[in-house]
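Undergrad: Residue numbers (this note's numbering): 445 to 905. Built from N, CA and C at the ideal position, the CB exists for glycine as well.
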Ligand code: FCB
């Protein structure tokens, strides 16, 4: 495989998120986010911790103080694009314009400038899950007002950093943070049930549509898009009467996991035809919301890691189906317990390309966690993460396959640059192409990092 196969204008990069790497959780005037609160609150059940080993992102990779060193490493690896997110409570500690924090604003100016100084293009995500806690106290995403505060914040940052950011991503994986944070309660803010989930979905969809329009208005020369998590879905079997039920369950899961947020943005409304329980969302509509949900994005970002196998179940309301855990059906999974299924990304690229409103696709996250071993060779620390290299390579081959068949896919970002705080899983899963020793904050480039560098430099890999 060769970089040239993807074409000259294909964008290559790595991705991170503020809460997962920055640390400095209460420095320089930063406000509390829902992730600060969630990780600092002990579970009521002593046998069930919210986060692996009660860890938190207070220090994380200390990127807030070490961003220059990290960007130097990125440069050393010849990585041309860095996708990172802004921490909303660092800029507006209580989420509203009146709480403006100059030191937080300055930090992102320094970070963006430091990218350009190294010829690295900054790619900015406006919201990667760290809602200001003060807004959560008023209902968070279940409160319609939060989407208006999000628009204020978006308007501000897209004016503030405007000329310096050629590519903006409005939201990171709305499905993930609404399901995990407002339905299952395993991510911040830890809310559960349909009564939280449905209003959160609608308000996030409004934030996505209107936020995109504001960003485009403020930055007409930048590319504006947003990202979606997606998993290739297949029924456990298709034979006989049960097979029919499994197939329909798979259609419902596909609507929920892969279509819920993109279709209203494209003007198609929510996928109620495939998942009738979504009709409840109409309860939260106000006059004009159909228009508000729409956004003519310059590109969409898809983020894919795995495939899900679904079976029919009479016990799971709304979707009437369940996911069969990969660990129960695969010999080998990643450290997240996810199946490695490269063909999935090919099918998903084909699927998203078939929407008529999708102009361009970037893979804005893809990568894997494996148990990395440090070895000392000739006085140097090495990490021979062959599995990660194979994972990335096999997914990239499928991206190329889709591209060759005419899918307008034009970028790829590895998740992630450095090992970091993996939400509820804490620091256990390591996704980075650079290893972090959290005791010393020392970084060690893994073999996958060198592999990516060689590939980016045009070598056959
Ligand atoms: C995605 C998230 C990212 C990271 C990876 C593993 O869902 O966007 O922050 O957690 O998964």
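1. Sorted by chain position, which residues of the same chain lie with C-beta nearer than 6 Å to residue 534's C-beta, five sequence neighbours on each side aside?
2. Helix, strand or coil, according to DSSP, for residue 523 in the structure here?
3. Is the distance from the Cβ of residue 749 to the Cβ of residue 807 below 8 Å?
4. Can residue 783 be considered in contact with the ligand FCB, in the sense that its beta carbon sits closer than 7 Å to one or more heavy atoms?
5. Can you tell me whether residue 866 is buried or exposed, with buried defined as 16 or more other CB within 10 angstroms of its CB?
6. Would you mind stating whether residue 613 and residue 570 have Cβ atoms separated by less than 8 Å?
7. Classify residue 403: buried if its beta carbon has 16 or more other beta carbons within 10 angstroms, exposed otherwise.
8. The alpha helix (DSSP H) spanning residue 881 covers which residue range?
9. Less than 7 Å between C-beta atoms, sequence neighbours within five positions excluded: which residues of the same chain meet that for residue 413?
10. Measure the CB-CB distance between residue 573 and residue 545 and report whether it falls below 8 Å.
11. Have a look at the DSSP bridge pairing and note the partners of residue 745.
12. My output table needs one value for residue 455: the three-state DSSP class, helix, strand or coil.
13. Leaving out five residues before and five after residue 627 in sequence, what residues of the same chain have Cβ atoms less than 6 Å from its Cβ?
14. Please report how far the alpha carbon of residue 792 lies from the alpha carbon of residue 697, in whole angstroms.
15. Determine, using beta carbons only, whether residue 844 and residue 449 come nearer to each other than 8 Å.
16. Using a Cβ-based criterion (distance less than 7 Å to any ligand heavy atom), does residue 567 qualify as near the ligand FCB?
17. What does the Cβ neighbour count give for residue 778, buried or exposed, with the cut at 16 atoms within 10 Å?
18. Would you grab the beta carbon distance between residue 658 and residue 592 for me? Rounded to a whole angstrom, and I think it's under 8 Å.
19. Taking the C-alpha atoms as reference points, what is the distance between residue 532 and residue 539?
20. For the alpha helix (DSSP H) containing residue 834, name the first residue and the last one.
21. By Cβ distance, which residues of its chain are closer than 8 Å to residue 875, with the 5 residues on each side in sequence left out?
22. Between the C-alpha atoms of residue 870 and residue 674, what's the straight-line distance to the nearest angstrom?
23. Please confirm if the segment 719-730 is in contact with the segment 787-801, defined as three or more CB-CB distances below 8 Å between the two stretches.
24. In chain order, which alpha helix (DSSP H) runs of at least 4 residues are fully inside the segment 648-703?
25. Is residue 805 near residue 890, with beta carbons less than 8 Å apart?
26. In terms of residues, what are the limits of the alpha helix (DSSP H) holding residue 905?
27. Taking the alpha-carbon of residue 493 as reference, which of 660, 651, 868 and 902 has the nearest alpha-carbon?
28. Can you give, in chain order, each stretch of the alpha helix (DSSP H) that sits fully within the segment 529-575 and has at least 4 residues?
29. Distance check for residue 611 and residue 818, CA to CA, integer angstroms please.
30. Indicate whether residue 483 and residue 495 have their beta-carbon atoms separated by less than 8 Å.
31. Since residue 619 sits in a beta bridge, which residues does DSSP pair it with?
32. Between the segment 743-763 and the segment 670-690, can you find at least three pairs of beta-carbon atoms closer than 8 Å?
33. Going by alpha carbons, who is nearest to residue 585 out of 456, 643, 686 and 786?
34. Alpha carbon to alpha carbon, what distance is there between residue 894 and residue 518?
35. State yes or no: is the C-beta of residue 815 nearer than 7 Å to some heavy atom of the ligand FCB?
36. Does the separation of the CB atoms of residue 543 and residue 551 fall below 8 Å?
TA: Inspection of the coordinates gives the following:
1. 474 and 548
2. coil
3. no
4. no
5. buried
6. yes
7. Because the chain spans 445 through 905 in this model, residue 403 falls outside it and cannot be assessed.
8. Looking at the DSSP string, residue 881 is not in any alpha helix (DSSP H); the run it does join, the beta strand (DSSP E), is 878-881.
9. No statement about residue 413 is possible, as the shown extent of the chain runs from 445 to 905 and does not include it.
10. no
11. 671 and 806
12. strand
13. 641
14. 14 Å
15. yes
16. no
17. buried
18. Not confirmed; about 11 Å, so no contact.
19. 7 Å
20. 830-848
21. 811, 812, 813, 859, 860, 863, 864 and 866
22. 22 Å
23. no
24. 684-698
25. no
26. Per DSSP, residue 905 belongs to no alpha helix (DSSP H) and is neither H nor E.
27. 868
28. 532-535 and 546-561
29. 36 Å
30. yes
31. Looking at the DSSP assignment, residue 619 forms no beta bridge with any residue, so it has no partner.
32. yes
33. 643
34. 11 Å
35. no
36. no
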